[in-house]
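Residue numbers (the working numbering), protein chains in the order written: chain A, 1484 to 1877; chain D, 1484 to 1877. Structure first, commentary second.
2 protein chains.
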Amino acid sequence: MIAESMYELGTYRSSIRELFEYGRRIAAEAGPDKVFDFSLGNPSVPPPAAVTETLLSLLREEEPCALHGYTSAPGAAETRQAIADDLNRRFGACLSAGDLYLTCGAAASLCIVLRALTASPGNRFLVQAPYFPEYKVFTESMGGRLTVVPPRAPDLGLNLSATEALLTPDTQGVILNSPNNPSGVIYDETSLRALAALLTAKAREYGHPLYLISDEPYREITYGKNVPFLPALYPDTVICYSYSKSLSLPGERIGYIAVPPSAADAGRLYAAVCGAGRALGYVCAPALWQKMLTRCAGLTTDVGPYRKNRDLLYTELTAMGYECVNPDGAFYLLLRAPGGDAVAFSERAKTYRILLVPGNDFGCPGYLRLAYCVSPSRVEASLPAFRALISSLS
Amino acid sequence: MIAESMYELGTYRSSIRELFEYGRRIAAEAGPDKVFDFSLGNPSVPPPAAVTETLLSLLREEEPCALHGYTSAPGAAETRQAIADDLNRRFGACLSAGDLYLTCGAAASLCIVLRALTASPGNRFLVQAPYFPEYKVFTESMGGRLTVVPPRAPDLGLNLSATEALLTPDTQGVILNSPNNPSGVIYDETSLRALAALLTAKAREYGHPLYLISDEPYREITYGKNVPFLPALYPDTVICYSYSKSLSLPGERIGYIAVPPSAADAGRLYAAVCGAGRALGYVCAPALWQKMLTRCAGLTTDVGPYRKNRDLLYTELTAMGYECVNPDGAFYLLLRAPGGDAVAFSERAKTYRILLVPGNDFGCPGYLRLAYCVSPSRVEASLPAFRALISSLS
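Structure below.
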């Protein structure tokens, strides 16, 4: 009577959640300063002050029925125009309001695009490991299949040869996430151009477009390295965006899909995005948050504290003997598990009250994810525990 | 390359939307006072003042990272507790926080429940006409099939004999919407008890439960008649709720699913609801709105203006010779099309600048929906046009 696959999804707790709940228990029992919780990607820097001020002024000044009423399904025209203007200004894009579809965040953006692009059950999507584990849930629940491209050690960059080997005629798209969760790597322009050339050649060979689905909630969380704007490198790119991290609003569920007019079949794809949003029950993105974006689309939270954490962790951990790639962006760092067994090392770390998620679910066994979206003082306080942890191995 | 069914859903415009856009064009050309737009169910009464005050105080006083951060997937525990307390107080229910799952509104609630209950592709769900047309979209996109029980003229009550004839062993549930969109009818307790007895007998015959999926966004928009609390009449009831109408927040996307512990397989069903929410990309319901509900769960908007409209329209229109059922709740009224052809009558009404949606998409041909969630002065101003319209037929 009950959908078995949904029951399983609802009862299986991800390793991230599992560890997070463990951390909460420890914090409740022993005090929050007794655990170094690096399990969850929940922003620790507040939204820009202008976000709160805008919300206050909207609530005080706007007529409430208009403020909280339905917007059109793709979103309020003026919000979409504000976002298009911001992208055009910053990336030299040529987007208009009609190319944007506002969503309830990144997960909604991805589900909608995957549903729109799953023309037949079992259609394939590729993703480069390491990757965010929910991609597999979303792809499969929308009727497709996810093929994981193995990670390219040691730099965790794009694995082009493996991508080429794994592309098949029933592949509809490639999911790309840069800055990457969980590695913090930003794929460089040279690799991306090579990927674009590969996809262009394969699309010609297969006789149908191959879409690049760019999941970029961390686009603005960077520490100096440039994030190439993908539609400029590969026309058949669809952007999935969320303001969860760039404006520190993960619980508020606001983001967008951009289907650039240059993309193959852009008009039909945009219509299918609208259809998929409707089919999945997304009536419109939350109205108050849309109206906030009309005024705040170009803002970004202060990444200073994240950068401070990144610098401190990379310098100190590598000095202690840990191996990792220095993150270019996002607020994650992927550690190589000393000894090679990430699950065992995660358990050992728990005895030092350090919570690190094994990379297995990210398609990256032998690594552990460290989410450093915590206060810099917590990072500093954790260093002796990290030192004791690695010393315990020798 | 693009999912054809999604493309079609994205390009097919509903008759409601079509008429609404027509109304906007007329209003832009001739002025908003030149059109009597009864096409859309967008609340015209503002939210209770306490809703805005609560939002302002949350924004001023709460720590922003906590306020806007992820909640757990089913929603913040204290919000779910507040809603459970309110339902227990008003309806004598025995709900706890763990029986509730917060959603992004009624459409999300329905999609999630339908997905959780579609154990095999093509599983059947019944709905009593007249019904909200998106039910068909949601049921089919979640993998099921919708069977429409024909309306029972002239009172538009539950058609029990047709329901009995249409139930099949592959039926998983019956969708019920009371107060009803588009008729405004509240199904009375006697009929509901008879439906419960029928479902109990059929469930025994089939050897599996038959769930009642109660879509009740209009539960609080009533004019004196009681809305029976369904789990008290039939244990295998799942409630799909939205605050869109009761708090006049349709654009903000906040609602819930309640799986009462008395329902068959309640624990497994609740887990499948969590799984379906995850599979469809609903990470959590918007956090600020959740926190508002912790303080405002028991409030309802002022239904006075809707009642005034209902009284005026029913009295005046029936005096002019129109036929309709006097609505018990919601803010819709279903008119019998004079002459019998609703599409032709909707076109004729347009020449009098009155916008009425033909009932065909609601499974009720020969009727027209009048959404009276407009200001009472607009209703008053429309009466001469209604009089001229019906006179034009003789």
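Backbone N, C-alpha and C fix where the C-beta goes; we use that ideal spot for every residue, glycine too.
Notebook entry, point to check: Mind listing which residues of the segment 1704-1738 of chain D have their C-beta closer than 7 Å to chain E's C-betas, in chain order?
Noted result: Looking for chain E here will not work: the only protein chains present are A and D.
Note to self: Please identify, using Cβ separations under 7 Å, the residues of the segment 1542-1557 of chain A that lie next to chain D, in order along the chain.
What the structure shows: If you check each beta-carbon in the segment 1542-1557 of chain A against every beta-carbon of chain D, the ones closer than 7 Å belong to L1542, P1547, C1548, H1551, G1552, Y1553 and T1554.
Margin query: Please report whether the beta-carbon of M1775(D) lies at a distance below 7 Å from any beta-carbon of chain A.
Written below: The residue given as residue 1775(D) occupies position 292 in the second sequence. No, M1775(D) lies away from the interface with chain A (no Cβ there is under 7 Å from its Cβ).
Notebook entry, point to check: Under a three-way DSSP split, which group does S1725(D) fall into?
Noted result: Translated into the one-based positions of the second sequence, residue 1725(D) becomes position 242. If DSSP states are grouped into helix, strand and coil, S1725(D) belongs with the strands.
Item checked: Cα-Cα separation, A1754(D) to G1588(D) -> Counting from one through the second sequence, the residue named residue 1754(D) turns up at place 271. Counting from one through the second sequence, the residue named residue 1588(D) turns up at place 105. About 19 Å.
Next item on the list: Please work out which residues of its chain come closer than 6 Å, Cβ to Cβ, to E1623(D), disregarding the five sequence neighbours upstream and downstream, and give them in chain order.
Entry: Numbered from its first residue, the second sequence carries residue 1623(D) at position 140. Excluding residues within five positions, none has a Cβ falling inside 6 Å.
Notebook entry, point to check: Can the beta-carbon of A1780(D) be found less than 7 Å from the beta-carbon of D1569(D)?
Noted result: Counting from 1 along the second sequence, the entry for residue 1780(D) is found at position 297. Counting from 1 along the second sequence, the entry for residue 1569(D) is found at position 86. Yes, the Cβ-Cβ distance between A1780(D) and D1569(D) is below 7 Å.
Notebook entry, point to check: Sorted by chain position, which residues of the same chain lie with C-beta nearer than 6 Å to Y1815(D)'s C-beta, five sequence neighbours on each side aside?
Noted result: Residue 1815(D) sits at position 332 when you count from the first residue of the second sequence. Correct list, in chain order: N1664, P1665, G1667, R1852 and A1854.
Notebook entry, point to check: Which of the residues in the segment 1568-1601 of chain A, read from start to end, lie with their CB under 7 Å from any CB of chain D?
Noted result: In summary, the residues of the segment 1568-1601 of chain A whose CB is separated from some CB of chain D by less than 7 Å are C1587, G1588, A1590, A1591, L1593, C1594, R1598, A1599, L1600 and T1601, in the order they occur in the chain.
Note to self: Tell me the rounded alpha-carbon separation between I1722(D) and V1610(D).
What the structure shows: Residue numbering aside, residue 1722(D) sits at position 239 when the second sequence is read from its first letter. Residue numbering aside, residue 1610(D) sits at position 127 when the second sequence is read from its first letter. Approximately 15 Å between the Cα atoms of the pair.
Next item on the list: Return helix, strand or coil for L1643(A), following the three-state DSSP convention.
Entry: Against the first sequence, residue 1643(A) aligns to sequence position 160. L1643(A) falls in the helix class under three-state DSSP.
Item checked: alpha helix (DSSP H) runs wholly inside the segment 1555-1638 of chain A, at least 4 long, in chain order -> 1560-1574, 1589-1600 and 1617-1624
Item checked: Local conformation of I1499(A) per DSSP, three classes -> The residue labelled residue 1499(A) in the question sits at position 16 within the first sequence. Here I1499(A) sits in helix by DSSP.
Notebook entry, point to check: Thinking C-beta only, is L1839(A) closer than 7 Å to F1615(A)?
Noted result: Indexing the first sequence from 1 puts residue 1615(A) at position 132. Indexing the first sequence from 1 puts residue 1839(A) at position 356. Going by C-beta atoms, F1615(A) is not nearer than 7 Å to L1839(A).
Note to self: Does the CB of S1624(A) have a neighbour CB from chain D at under 7 Å?
What the structure shows: In the first sequence, counting from the first residue as 1, residue 1624(A) sits at position 141. Yes, contact with chain D.
Notebook entry, point to check: Anyone know if the C-beta pair for G1738(D) and S1592(D) falls short of 7 Å?
Noted result: Sequence index remark: in the second sequence, residue 1738(D) carries index 255 (1-based). Sequence index remark: in the second sequence, residue 1592(D) carries index 109 (1-based). In this structure, S1592(D) lies closer than 7 Å to G1738(D) by Cβ.
Checklist line | Cutoff 6 Å; reference L1650(A); Cβ partners in own chain excluding five residues on either side | finding: Counted from its first residue, the first sequence places residue 1650(A) at position 167. The answer, listed in chain order, is K1685.
Note to self: Using 7 Å as the threshold, is the C-beta distance between G1640(A) and T1601(A) below it?
What the structure shows: Mapped onto the first sequence, residue 1640(A) falls at position 157. Mapped onto the first sequence, residue 1601(A) falls at position 118. The criterion of a C-beta distance shorter than 7 Å is not satisfied by G1640(A) and T1601(A).
Note to self: If you reduce the DSSP assignment to three classes, tell me which class V1710(D) lands in.
What the structure shows: Reading the second sequence from its first residue, position 227 is the one you call residue 1710(D). Coil, per DSSP.
Notebook entry, point to check: How long is the line joining the alpha carbons of Y1717(A) and L1866(D), rounded to whole angstroms?
Noted result: As a position in the first sequence, residue 1717(A) is number 234, starting the count at 1. As a position in the second sequence, residue 1866(D) is number 383, starting the count at 1. About 58 Å.
Checklist line | DSSP-derived helix/strand/coil call for A1854(D) | finding: Here residue 1854(D) refers to the residue found at position 371 of the second sequence. Three-state result, A1854(D): strand.
Check: Q1655(D) touches chain A at which residues, Cβ-Cβ below 7 Å?
Finding: To locate residue 1655(D), count along the second sequence from 1; it is residue 172. Under the 7 Å cutoff, chain A gives M1484.
Notebook entry, point to check: Using a C-beta to C-beta distance shorter than 7 Å, which residues of chain A count as neighbours of V1766(D)?
Noted result: The residue given as residue 1766(D) occupies position 283 in the second sequence. Near V1766(D) (Cβ distances below 7 Å), the residues of chain A are G1588, A1590 and R1736.
Check: Which chain A residues are close to E1491(D), counting only those with a beta carbon under 8 Å from its beta carbon?
Finding: Position 8 of the second sequence, counting from 1, holds the residue named residue 1491(D). Correct list: G1758.
Notebook entry, point to check: Do you know offhand how far P1529(A)'s Cα is from H1551(D)'s?
Noted result: Taking the first sequence and counting its residues from 1, one reaches residue 1529(A) at position 46. Taking the second sequence and counting its residues from 1, one reaches residue 1551(D) at position 68. The alpha-carbon atoms of P1529(A) and H1551(D) are separated by roughly 9 Å.
Item checked: For C1807(D): DSSP bridge partner residues -> Taking the second sequence and counting its residues from 1, the one referred to as residue 1807(D) is at position 324. Answer by DSSP bridge pairing, in chain order: L1818(D).
Checklist line | Residues, ordered as in the chain, of the segment 1678-1700 of chain A that lie near chain D by beta-carbon distance below 7 Å | finding: Identification of residues in the segment 1678-1700 of chain A having a C-beta nearer than 7 Å to some C-beta of chain D yields H1691 and P1692, given in sequence order.
Notebook entry, point to check: Does DSSP classify Y1694(D) as helix, strand or coil?
Noted result: For the purposes of this step, residue 1694(D) is identified with residue 211 of the second sequence, where counting begins at 1. Strand, per DSSP.
Item checked: Sub-7 Å separation of P1613(A) and C1847(A) beta-carbons -> Position 130 of the first sequence, counting from 1, holds the residue named residue 1613(A). Position 364 of the first sequence, counting from 1, holds the residue named residue 1847(A). Yes, the pair counts as a contact, with Cβ atoms nearer than the cut-off.
Next item on the list: Taking 7 Å as the cut-off, decide whether the C-beta atoms of A1486(D) and A1560(A) are in contact.
Entry: Taking the first residue of the second sequence as position 1, residue 1486(D) is located at position 3. Taking the first residue of the first sequence as position 1, residue 1560(A) is located at position 77. It is not a contact, given that the beta carbons lie outside the stated cut-off.
Notebook entry, point to check: Between the C-alpha atoms of I1499(A) and L1523(D), what's the straight-line distance to the nearest angstrom?
Noted result: Position 16 of the first sequence, counting from 1, holds the residue named residue 1499(A). Position 40 of the second sequence, counting from 1, holds the residue named residue 1523(D). Within the model, the alpha-carbon separation for I1499(A) versus L1523(D) is close to 43 Å.
Notebook entry, point to check: Whose CA, out of L1659(D), A1762(D) and S1579(D), lies closest to the CA of F1712(D)?
Noted result: Indexing the second sequence from 1 puts residue 1712(D) at position 229. The candidate whose alpha carbon is nearest that of F1712(D) is L1659(D).
Check: Going by beta carbon distance, what residues of the same chain come within less than 7 Å of G1822(D), once the five residues before and after it are set aside?
Finding: Along the second sequence, one-based indexing puts residue 1822(D) at 339. In its chain, beyond the 5 residues on either side, F1828 and L1876 have a beta carbon closer than 7 Å to the beta carbon of G1822(D).
Checklist line | DSSP bridge partner residues for T1673(A) (one or two, in chain order) | finding: Reading the first sequence from its first residue, position 190 is the one you call residue 1673(A). According to DSSP, which records beta bridges pairwise, T1673(A) is partnered with nothing at all.
Checklist line | 7 Å Cβ cutoff met for R1519(D) and I1873(D) | finding: Mapped onto the second sequence, residue 1519(D) falls at position 36. Mapped onto the second sequence, residue 1873(D) falls at position 390. For the sequence presented, residue 1519(D) should be read as Phe rather than Arg. Not closer than 7 Å, so no.
Note to self: Cβ closer than 9 Å: which chain D residues qualify as neighbours of E1487(A)?
What the structure shows: In the first sequence, the residue the question calls residue 1487(A) occupies position 4. Neighbours of E1487(A) on chain D, chain order: A1602 and A1755.
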